[in-house]
């Protein structure tokens, strides 16, 4: 387990403060300011002349395929182009009547957000915000879901749609490998006009504002990317409103992870409370059912008993009646039998008297 | 560089949500076990 | 059966609710969509006169004035078809001289007049909107502001032409023709009178919004100018063929304005101003005298060439600008921009009024704007920072050699004389360095690295220098303010002390993006920004992306 | 009301495969040959779908997404996500809704609806996962987020985890049917005793991933039209999924009664009207609640002015035409006890859910892009989606024709009395 995860676990257990004070961070009130001393670039649209040297350099240092039209063919600037899996940066031309030759250019590439939406959206952590300011992509983790492309407010990540089984997401890397060697990004180095001001982000931001302030009227008084989506490493200063050089001015300043923090925060609460609520509902229902069942059972029992008793009573009654009837019958039978016996005796006696009239007569 | 502090909100969230997911697993298992513990004696008591 | 009936009723009710609510919601919800992209027409007038009485049920009517005048002309009709004439002057209100008192009366007036005419002309113009076709006229303020772009202005040359014309018309001497237009309001007589020597610019009294002054409403610039100019042009037209424009397009398009005649000489307008005056910080008095306390008078007085500026600027109002409620031709520091500021001057002090950047009404602000406006100057001037005044620039205007302590009272005549003397002594010739100090060609041979695509550029140093000198010589301002011969060098050889042996570019510009000098370009950036930036600003070849215009490819 | 009598004439399975006992519908032991023959019996439309689907599969896995889809760098998600995933999951909500109603909320009279609903949901979820294999670039890495590299800050991780767990739960819930079919009494009883726990887990997991599917779009406020983007998106998705679940159970019952009537037992047939009207009542009420909270979202972000635009009109069509009106239709159906209204409302609601999911993920998504950069599905994308839907129907029929789904297995009829008692059982 990584040290960070371990400390986090300890922190979660409430011991973090005492064991590792350095790691203790309260989320509710913590403000993340990004990597100190990370690099940044300010693209100065007043300087860019649309020579496409940066595009050529980018293709060269990143070993990208050679495009159909050569880089010195400036007619492509007429179309509004975007980057693709084989191009990490493009220059686009925009009309600006006030500029020399009536044109202003904008260089499009990954802006390397301070809080990258691609990284925040990636479900396999394929994107990393590096301490040097670059946002890089690890193809060995990528599943190819393209949620990063949905999430990116700048439409930066591109995809190898022509690859059937091993497509990669492609985007500008800020020449992360070159930065590590102490070299400048390819495009920055190639620009004949130094239209890209490279340095520590904080420093180039300060210098950008210095340029704006010391040339009143030359620039729109805003550094695009200073606060957009929580700030980006690549920023733009422009002589005309940013919307007119193809930038979305309505992005807001909320960093991407903060946009989803609320929804993610609700997840554990649902997990924690739903079983309680549902268990409770279930409990209430079974209890009610049980109560109903019990009542029913008792009612049945009572009814049964009542019936039994009624039946018993009736039986008794019947028995008594039957007994009485039997007695009566018996009495009648006895009486009848007695009467018959008496009659028979009398008849016998009469018969006995016959041979001896005298007897019979005597018997009457 | 990795001193245990976070420079970006993203890093912080990956870390903290990771722990929260573990806690969620614990909650699901724990609530089940606790419910069993809670109701285990109901049967005998009901035999009045 | 009843079951089915009941069910039908249940279906009917929600459907009815749906049909009733959906249009209502869509009608009330405002649609933030793009504004009309149609080309604004100069003669489009939005008629929403009834709006002063409250919200209108219909959007305003967009009325194309020129379309109507053309149509009327074809029918041999004139302005009086729509505009009423009072005392020989047209009222520029439609079909009335005074406004009705209620919204309905106003609307009724327009509807009756417009519709009556449209009904009459429907045979010749079958497409004209008719009575019931509300939406064809009430299309809303889609052409907002169209009628005032671009605003015509009466510069000194045009003013001069009017002076001559008015003198001829009124048959008076030229200097007496002012009364034709200039007036003030006399409260005692309660009428407009001409006051000699008090002529000012129209906008000092006639503002964008109607202003109340002395209990009466002063018409807006728009109303006043249309009433005065157009009526005068119309009446002149009756007696002579040549007169000023009377239709919208005659004044309100850039093409028309460019076609206005110009006299070769622009006459000066004399209102008692000095040719040159010494501007000095102190307490001004009414007669032009200034009490100066030299100890607190700042960096020395300025000798101001008023006469020359009249010619450069071409009008009075650029410097003698109107204020919210008035304006005057008095000296800046006299009443408004005093040394400590006053409410009349919006608490802008003399020093601020002279030095403020980013405005055209201050001395320095106007000078920097001028330097950037011409493409021949912009190569050097556009990249110069314009947020602070450089420390060396004070002496360009502020004269040395004046006392630094004690007090003095300077009369207007003394100030004029001193200024004239100082200005006469100024060297206004173009200054150049000896050509042997200007290298003919430079090869910027810093491109030895492997992988460099191009060969080093050959830089025609002297040719460029001479071209710049030639262009600058055409500008009196440049001749006056390019302090010495080396000034021209510092356009490129900046940030170092001007010298005939300036430091090499590479001594400052080397590797880019060094932490402590990050806003200082590297060598490649410095060259390209300097050369390309200047070529772009001065609109000269080679163009920005023409690499081969300067460099040869390495493999050739 | 009139659907009671078994109508063998509309039953599609060849009567020779039926036993004489038409009520239980238990098939007699078939010969292997008969089994193959039966499996191969397909409607021509279905057969075409399967062939085309197979073709699409081959194309997808040989030439890549670029060949079979109109997806591009601006539009990374097409109808495979919008319909197969978003609609698929929402419409499979019947499983948790029905089992919760029956086992937790105590509506025992819905008992006969549980098994078909669980089966529908199980097949639904299984096919969602199946369809994802087409859409994601490297389907063989689908277990990565669960077992290899957990991107816990992603809503998609949450969705993935829950769908995986819920699929497992649904499988176990469905398992008894298979075990009964196989006659494995002992295991069946053990699994069966888990019913309540599984139901609760199911509700928890469904709440989470149904809502999280909506929350997926929370990260792109600049891309989704303001009328559809709301911080309430997760709530909307969850509540509308309940409506979808209820409607699907009604719809599925409707179809089963039409085509598989002979497979039903007396209880299922007798309970059918009760289930239908009970669910109609619930759906009407939930839909109306959903209708109200949709307006809360509009009010919360003060998006009223958008209602006057084209998107606003479309929003009104969705919210009034596909939420309010079906709710009213359900209500009329319930009040008048009119099955036609209920059935119409069920189909209407299902369409409404599809409209909503398409709106959020396609129509209102990338709304600021010029129309030539917008997405429209490719022919093969539609084929694959239709193929997945066809598979669903096929699998349902295949299983419901064999296993005790629409009837109670006679061996376990008496067990149903205690089905509502929990496994860990404290109930008694």
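Chains as they are written, first to last, in the working numbering: chain A, 1 to 364; chain B, 1 to 48; chain C, 1 to 556; chain D, 1 to 428.
For glycine and all other residues, C-beta sits at the position ideal for the given N, C-alpha and C.
Please read all numbers here as calculations on a predicted model, not as lab measurements.
For residue 243 of chain C, I'd like the list of residues in its chain whose CB is within less than 6 Å of its CB, leaving aside the five on either flank, ordered along the chain.
Within the same chain, residue 243 of chain C has close Cβ partners 233, 236 and 237.
Taking C-beta pairs closer than 7 Å, name the residues in chain B that residue 32 of chain A reaches, listed in chain order.
In chain order: 6, 7, 8, 9 and 12.
How would you call residue 83 of chain D, buried or exposed, if buried means at least 16 neighbouring beta carbons within 10 angstroms?
Answer is buried; the Cβ neighbour count reaches 16.
Is it the case that the Cβ atoms of residue 262 of chain A and residue 115 of chain A are separated by a distance below 8 Å?
It is not a contact, given that the beta carbons lie outside the stated cut-off.
Residue ranges of each alpha helix (DSSP H) run of no fewer than 4 residues wholly in the region 184-268 of chain C, ordered along the chain?
Counting whole runs of 4 or more residues, the region 184-268 of chain C contains the alpha helix (DSSP H) stretches 221-225, 231-239, 248-251 and 254-258.
Going along chain D in order, which residues have a C-beta closer than 8 Å to the C-beta of residue 18 of chain B?
Within 8 Å Cβ-Cβ: 150 and 152.
On the DSSP bridge list, what partners appear for residue 458 of chain C?
DSSP lists C:443 as partners of residue 458 of chain C.
Report the rounded CA-to-CA distance for residue 350 of chain D versus residue 122 of chain A, giving the unit in angstroms.
For residue 350 of chain D and residue 122 of chain A, the distance between alpha carbons rounds to 31 Å.
Which residues, in order along the region 350-362 of chain D, keep a beta-carbon less than 7 Å from a beta-carbon of chain A?
Within the region 350-362 of chain D, no residue has a Cβ that lies closer than 7 Å to any Cβ of chain A.
To test your reading of the DSSP string, which unbroken beta strand (DSSP E) runs of 3 or more residues are found completely within the region 84-141 of chain C?
The qualifying runs do not exist here; there are none.
Assign residue 348 of chain D to buried or exposed, taking buried as 16 or more other Cβ atoms, counted over all protein chains shown, within 10 Å of its Cβ.
With 16 or more other Cβ atoms within 10 Å, it is buried.
To the nearest angstrom, how far is it from the Cα of residue 52 of chain A to the Cα of residue 324 of chain D?
For residue 52 of chain A and residue 324 of chain D, the distance between alpha carbons rounds to 55 Å.
Write down the C-beta distance between residue 396 of chain C and residue 314 of chain C rounded to the nearest angstrom, noting that I regard them as a contact closer than 8 Å.
Actually they do not touch by this definition, with Cβ atoms about 23 Å apart.
At least one CB of chain B closer than 8 Å to the CB of residue 201 of chain D: is that the case?
Yes, residue 201 of chain D lies at the interface with chain B (some Cβ there is under 8 Å from its Cβ).
Under 8 Å between beta-carbons, which chain A residues line up against residue 197 of chain C? List them in chain order, please.
The premise fails here: residue 197 of chain C is roughly 40 Å from chain A at the closest Cβ pair, so nothing lies under 8 Å.
For the alpha helix (DSSP H) that residue 343 of chain D lies in, which residues bound it at each end?
Segment 339-358, the alpha helix (DSSP H) holding residue 343 of chain D.
Here's the rule I'm using: 16 or more other beta-carbon atoms within 10 Å means buried, otherwise exposed. How should residue 148 of chain D be labelled?
Per the 10 Å Cβ criterion, exposed.
Look at the alpha carbon of residue 366 of chain C and the alpha carbon of residue 271 of chain C, and state the distance between them as a whole number of angstroms.
Taking the straight line from one Cα to the other gives about 23 Å.
Three-state secondary structure (DSSP) at residue 43 of chain D?
Three-state DSSP puts residue 43 of chain D in coil, outside helix and strand.
What residues of chain D sit near residue 234 of chain A, judged by a beta carbon separation below 7 Å?
Simply none; closest approach about 17 Å.
Going along the chain, which residues of the region 156-187 of chain D sit with their C-beta nearer than 7 Å to a C-beta in chain A?
From the region 156-187 of chain D, only 156, 157, 158 and 160 have a Cβ closer than 7 Å to chain A.
Taking only beta carbons into account, state which residues of the region 30-41 of chain B come closer than 7 Å to chain A, listed in chain order.
From the region 30-41 of chain B, only 31 and 35 have a Cβ closer than 7 Å to chain A.
Please tell me whether residue 241 of chain D and residue 93 of chain D are closer than 8 Å, where the distance is taken between their beta carbons.
Their beta carbons are under 8 Å apart, which means residue 241 of chain D touches residue 93 of chain D by this criterion.
Got a sec, what are the start and stop residues for the alpha helix (DSSP H) residue 317 of chain A sits in?
Run containing residue 317 of chain A: 256-353, per the alpha helix (DSSP H) assignment.
Could you list the residues in the region 234-267 of chain A with a C-beta less than 9 Å from some C-beta on chain B, going in chain order?
Those residues of the region 234-267 of chain A that come within reach of chain B (Cβ to Cβ, closer than 9 Å) are 255, 256, 257, 258, 260, 261, 264, 265 and 267.
Using three-state DSSP, classify residue 19 of chain A as helix, strand or coil.
Because residue 19 of chain A carries a pLDDT of 37, less than 50, the predicted location of this residue cannot be relied on, and no value is offered for it.
Classify residue 89 of chain A: buried if its beta carbon has 16 or more other beta carbons within 10 angstroms, exposed otherwise.
Buried, because 16 or more other Cβ atoms sit within 10 Å of the Cβ of residue 89 of chain A.
Can you tell which of D:199, D:127, D:288 and D:172 has its C-alpha closest to the C-alpha of residue 32 of chain B?
It is D:199 whose Cα lies nearest to the Cα of residue 32 of chain B.
Between the region 267-279 of chain A and chain C, which residues of the former have a C-beta closer than 9 Å to a C-beta of the latter?
Answer in chain order: no residues at all.
With 8 Å as the threshold, decide whether the Cβ of residue 512 of chain C is near any Cβ in chain A.
Yes, residue 512 of chain C counts as interfacial toward chain A.
Nearest-angstrom Cα distance between residue 432 of chain C and residue 358 of chain C?
Spanning the two alpha carbons is a distance of roughly 31 Å.
Strictly by DSSP, which residues pair up with residue 236 of chain A?
In the DSSP output, where bridge partners are listed per residue, residue 236 of chain A has A:43 and A:224.
Using a Cβ cut-off of 8 Å (strictly closer), state whether residue 51 of chain A contacts chain C.
Answer yes: the Cβ-Cβ gap between residue 51 of chain A and chain C drops below 8 Å somewhere.
Where does residue 365 of chain D sit, in a helix, a strand or coil, going by DSSP?
Here residue 365 of chain D sits in strand by DSSP.
Give the straight-line distance between the Cα atoms of residue 545 of chain C and residue 528 of chain C, rounded to the nearest whole angstrom.
C-alpha separation (whole angstroms): 11 Å.
Does residue 44 of chain C come out as helix, strand or coil in the three-state DSSP assignment?
Residue 44 of chain C: strand per DSSP, three-state reduction.
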